[in-house]
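**Student:**
Residue numbers (our numbering), protein chains in the order written: chain A, 1223 to 1604; chain B, 48 to 246.
#1: For residue 1510 (chain A) and residue 195 (chain B), what's the separation of their Cα atoms in angstroms?
#2: Could I get the ranges of all uninterrupted beta strand (DSSP E) runs contained in the stretch 1298–1359 of chain A, with 3 residues as the minimum, in chain order?
#3: List the endpoints of the continuous alpha helix (DSSP H) containing residue 1432 (chain A).
#4: Which value, in whole angstroms, describes the spacing of the CA atoms of residue 237 (chain B) and residue 205 (chain B)?
#5: Which residues of the stretch 1470–1502 of chain A have a Cβ closer than 8 Å to any Cβ of chain B? Give them in chain order.
#6: Kindly indicate if chain B contains any beta-carbon less than 7 Å away from that of residue 1363 (chain A).
#7: Can you list the residues of chain A that residue 76 (chain B) reaches, using a CB-CB cut of under 7 Å?
#8: Taking only three categories from DSSP, how would you classify residue 1242 (chain A)?
#9: Decide if residue 1271 (chain A) is buried, meaning its Cβ has at least 16 other Cβ atoms within 10 Å, or exposed.
#10: Relative to the alpha-carbon of residue 217 (chain B), which residue among B:157, B:169, B:82 has its alpha-carbon at the smallest distance?
#11: CB-CB under 6 Å to residue 1244 (chain A), same chain, minus the five flanking residues each way: which ones, in chain order?
#12: Do you know how far the Cα of residue 137 (chain B) is from the Cα of residue 105 (chain B)?
#13: Taking only runs that begin and end inside the stretch 1252–1295 of chain A, name each unbroken beta strand (DSSP E) of 3 or more residues, in chain order.
#14: So what's residue 1591 (chain A) in DSSP terms, helix, strand or just coil?
#15: With a cut-off of 8 Å on the beta carbons, I'd call residue 1472 (chain A) and residue 1448 (chain A) a contact; round off their distance for me.
#16: Quick check on residue 1228 (chain A): does DSSP put it in helix, strand or coil?
#17: Which value, in whole angstroms, describes the spacing of the CA atoms of residue 110 (chain B) and residue 154 (chain B)?
#18: Going by alpha carbons, who is nearest to residue 1559 (chain A) out of A:1571, A:1543, A:1553?
#19: Quick check on residue 239 (chain B): does DSSP put it in helix, strand or coil?
#20: Within the same chain, show all residues whose beta-carbon is closer than 6 Å to that of residue 1282 (chain A), passing over the 5 residues directly before and after it, in chain order.
#21: Under the three-state reduction of DSSP, which class applies to residue 1234 (chain A): helix, strand or coil?
#22: Helix or strand or just coil, what does DSSP make of residue 1404 (chain A)?
#23: From residue 1594 (chain A) to residue 1547 (chain A), what distance separates their C-alpha atoms?
#24: With distance defined between alpha-carbon atoms, name the residue in A:1268, A:1233, A:1253, A:1533 nearest to residue 1302 (chain A).
#25: For residue 1495 (chain A), collect the residues of the same chain with a Cβ closer than 7 Å to its Cβ; drop the 5 residues on either side in sequence, then sort them by chain order.
#26: For residue 226 (chain B), is the classification buried or exposed, using 16 other Cβ atoms within 10 angstroms of its Cβ as the cut-off for buried?
#27: May I ask which residues mark the beginning and end of the beta strand (DSSP E) holding residue 1554 (chain A)?
#28: Is the beta carbon of residue 1409 (chain A) sitting closer than 7 Å to the one on residue 1357 (chain A)?
#29: Please state the DSSP three-state secondary structure of residue 209 (chain B).
#30: Can you find a CB in chain B that lies within less than 7 Å of the CB of residue 1262 (chain A)?
#31: For residue 243 (chain B), count neighbouring C-beta atoms within 10 Å of its own C-beta (all shown protein chains included) and say buried if the count is 16 or more, exposed if not.
#32: Residue 1420 (chain A) touches chain B at which residues, Cβ-Cβ below 8 Å?
#33: Starting from the beta carbon of residue 1378 (chain A), find every residue of chain B whose beta carbon is closer than 7 Å, and list them in chain order.
#34: Assuming the contact rule is C-beta atoms closer than 8 Å, residue 1333 (chain A) and residue 1566 (chain A) should be a hit. Round their C-beta distance to whole Å, please.
#35: What separation, rounded to the nearest whole angstrom, lies between the Cα atoms of residue 1529 (chain A) and residue 1376 (chain A)?
#36: Would residue 1337 (chain A) pass as a contact of residue 1361 (chain A) if the rule is Cβ separation under 7 Å?
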């Protein structure tokens, strides 16, 4: 039985099946981008274990394996076939090296899918910032301004973004109940006040369909109830990503709460000194973007001047800054900020694969030469 | 050896998949946040700003909510009714910016309607004289099937001083229909800064 399982797991048929399924998935995922946009297509087909189909609003049926499942099966197949078929001998060192490179490449893909984090930093000329934002991940942030030198940020991940969730932490003197949550919304004029404090005096939230357009972010909103430690209601608030507003928590003057894009803070500040955006003559098509930036440490001392332009990102302190877009008639530069702890692994994997293939080729070539010499020499004697 | 290698690989990959359910706590530098008091002050000043842009004076109906106009948009309003939303935009492009037929067919495409021919366009479009020039006005809508929620577009094109101005109201069929009289009145009330100054 055990041998049978290992045989299946290490079979060439399984490898071919996985690669075929991956090919089909790539085609489906690429076509789906037209309707879903890049972000949602990648999430649905490539960053998932299984692809589901909503038979009814409450019933999701698995219909196809996601890229993560295929990757894991392929990885197991590669490792199993490697250990069952090849022994570490001098002749097989090239195959070992190539396989190690491929295994490392798949592992790097897995680590990257789980730990890579992307965000954006929009900077106006002359502006300085120490954080970037991910408009695809909206979070509830509570800011405690009660300390003299620094603020304390308590950021609740997006898993809390649902009706009925509670935001609570041992260091907070209150808790927050999400009374209603709208993944995409619009504020509309209304006299139906649902809040006791702040926003909502003449506005209410209209639920609108989720946007799959890559250029149109979803703007969630929520109604929340603030409760004290005895579950007494202190007030109700309306939070909306549309307003970029932080609201004072009723009963706690130094506490603010906001529903906003997740922020990634850096131990340094980036200042945009100048932004250049050139277009092809007579068209609106961009031909060149460039951001000239200065990195300052937390004391405000300039540490580095750099240029970021197309295909020339800046790598600094574990982050990579790419020139991504622009806004407000060319006065705002948008940088894509990528943190990928495993960014070096694919390069190392490729080096191993290349060396392995090189050794394999060289060994084959040397064998061929030796064989040829043996065949040629007897004739030479005649 | 084989088992240890497999276990090691799993141990490398699994911890990196972190679907956290705990809040992140960090210390951040002190900055000024936009609070409700600032927001209210901004909203009031926005409402007070004159609707005078590019030498035109606009008098929108009071329930049209002013929005930040960015990019090519000169004006942007939102009209709401219960949970329905319609958007008004004014866009200016230098030059003729395509024929009227091309623009109308582009809008028809947004409603998933087939393009019109020149003959059909001439029947669909109305010329609407105003103080600032002649608008080419068109009402684009689909025949609604029972229970179907479709969009409708009211649009007007004005050529003036070498530029083309596109006035467009798009939103749910019934809401846009209810706003048609307001849209027409809005166009009729547009004046140039100089004509309004005259006694």
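Even for Gly, the Cβ is constructed at its ideal location relative to N, Cα and C.
**Tutor:** Here's the rundown:
#1: Here residue 1510 (chain A) refers to the residue found at position 288 when the first chain is read from its first residue. Here residue 195 (chain B) refers to the residue found at position 148 when the second chain is read from its first residue. Residue 1510 (chain A) and residue 195 (chain B): Cα-Cα distance of roughly 46 Å.
#2: 1339–1346
#3: For the purposes of this step, residue 1432 (chain A) is identified with residue 210 of the first chain, where counting begins at 1. Taken as a continuous stretch (DSSP letters only), residue 1432 (chain A) belongs to no alpha helix (DSSP H), as it is neither H nor E.
#4: In the second chain, counting from the first residue as 1, residue 237 (chain B) sits at position 190. In the second chain, counting from the first residue as 1, residue 205 (chain B) sits at position 158. Their Cα atoms are separated by approximately 12 Å.
#5: 1470, 1478, 1480, 1487
#6: Within the first chain, residue 1363 (chain A) is the residue found at index 141, counting from 1. Taking Cβ atoms only, chain B never reaches closer than 7 Å to residue 1363 (chain A), which makes this a no.
#7: As a first step, residue 76 (chain B) is located in the second chain; it is residue number 29 there, counting from the start. 1352, 1372, listed in chain order.
#8: One-based indexing of the first chain puts residue 1242 (chain A) at position 20. If DSSP states are grouped into helix, strand and coil, residue 1242 (chain A) belongs with the helices.
#9: One-based indexing of the first chain puts residue 1271 (chain A) at position 49. Exposed, by the Cβ-count rule.
#10: Here residue 217 (chain B) refers to the residue found at position 170 when the second chain is read from its first residue. For residue 217 (chain B), the nearest C-alpha among the options comes from B:157.
#11: Translated into the one-based positions of the first chain, residue 1244 (chain A) becomes position 22. Taken in chain order, the residues that qualify are 1292.
#12: Taking the first residue of the second chain as position 1, residue 105 (chain B) is located at position 58. Taking the first residue of the second chain as position 1, residue 137 (chain B) is located at position 90. Roughly 11 Å separates the two Cα atoms.
#13: 1272–1278, 1281–1287
#14: Start at 1 with the first residue of the first chain, and residue 1591 (chain A) comes out as number 369. Helix, per DSSP.
#15: Translated into the one-based positions of the first chain, residue 1472 (chain A) becomes position 250. Translated into the one-based positions of the first chain, residue 1448 (chain A) becomes position 226. Yes, they are in contact, since the Cβ atoms of residue 1472 (chain A) and residue 1448 (chain A) sit about 5 Å apart, within 8 Å.
#16: The residue given as residue 1228 (chain A) occupies position 6 in the first chain. Correct three-state label for residue 1228 (chain A): helix.
#17: On the second chain, residue 110 (chain B) is found 63 positions in, with the first residue counted as 1. On the second chain, residue 154 (chain B) is found 107 positions in, with the first residue counted as 1. If I take the Cα positions, the gap works out to 25 Å.
#18: Numbered from its first residue, the first chain carries residue 1559 (chain A) at position 337. Checked all of A:1571, A:1543, A:1553; the closest Cα to residue 1559 (chain A) is A:1543.
#19: Residue numbering aside, residue 239 (chain B) sits at position 192 when the second chain is read from its first letter. In this structure, residue 239 (chain B) counts as strand in the three-state DSSP scheme.
#20: Reading the first chain from its first residue, position 60 is the one you call residue 1282 (chain A). Excluding sequence neighbours, residue 1282 (chain A) sits near 1274, 1276.
#21: In the first chain, counting from the first residue as 1, residue 1234 (chain A) sits at position 12. Residue state, collapsed to three classes: helix.
#22: The sequence position of residue 1404 (chain A) within the first chain is 182, counting from 1. Of the three classes helix, strand and coil, the one that applies to residue 1404 (chain A) here is strand, per DSSP.
#23: The residue you call residue 1594 (chain A) lines up with position 372 of the first chain. The residue you call residue 1547 (chain A) lines up with position 325 of the first chain. About 60 Å.
#24: Here residue 1302 (chain A) refers to the residue found at position 80 of the first chain. With distances taken between Cα atoms, residue 1302 (chain A) lies closest to A:1233.
#25: Stepping through the first chain from its first residue, residue 1495 (chain A) is reached at position 273. Excluding sequence neighbours, residue 1495 (chain A) sits near 1514, 1515, 1516.
#26: For the purposes of this step, residue 226 (chain B) is taken as residue 179 along the second chain, with counting starting at 1. By the neighbour-count rule (16 or more Cβ atoms within 10 Å), residue 226 (chain B) is buried.
#27: Residue numbering aside, residue 1554 (chain A) sits at position 332 when the first chain is read from its first letter. Per DSSP, residue 1554 (chain A) belongs to the beta strand (DSSP E) from 1554–1561.
#28: On the first chain, residue 1409 (chain A) is found 187 positions in, with the first residue counted as 1. On the first chain, residue 1357 (chain A) is found 135 positions in, with the first residue counted as 1. Cβ atoms of residue 1409 (chain A) and residue 1357 (chain A): not closer than 7 Å.
#29: Here residue 209 (chain B) corresponds to residue number 162 of the second chain, with the count starting at 1. Coil, per DSSP.
#30: The residue labelled residue 1262 (chain A) in the question sits at position 40 within the first chain. With 7 Å as the cut-off, residue 1262 (chain A) does not count as an interface residue toward chain B.
#31: Start at 1 with the first residue of the second chain, and residue 243 (chain B) comes out as number 196. Low confidence applies here, because residue 243 (chain B) scores a pLDDT of 47, under 50, leaving its location unreliable and the question unanswered by this model.
#32: Along the first chain, read from residue 1 onward, the residue named residue 1420 (chain A) stands at position 198. Correct list: 83.
#33: If you number the first chain from 1, residue 1378 (chain A) lands on position 156. By Cβ distance, chain B contributes 70.
#34: Here residue 1333 (chain A) corresponds to residue number 111 of the first chain, with the count starting at 1. Here residue 1566 (chain A) corresponds to residue number 344 of the first chain, with the count starting at 1. So it is not a contact: roughly 11 Å between Cβ atoms.
#35: Sequence index remark: in the first chain, residue 1529 (chain A) carries index 307 (1-based). Sequence index remark: in the first chain, residue 1376 (chain A) carries index 154 (1-based). Taking the straight line joining both Cα atoms gives about 34 Å.
#36: Mapped onto the first chain, residue 1337 (chain A) falls at position 115. Mapped onto the first chain, residue 1361 (chain A) falls at position 139. Going by C-beta atoms, residue 1337 (chain A) is not nearer than 7 Å to residue 1361 (chain A).
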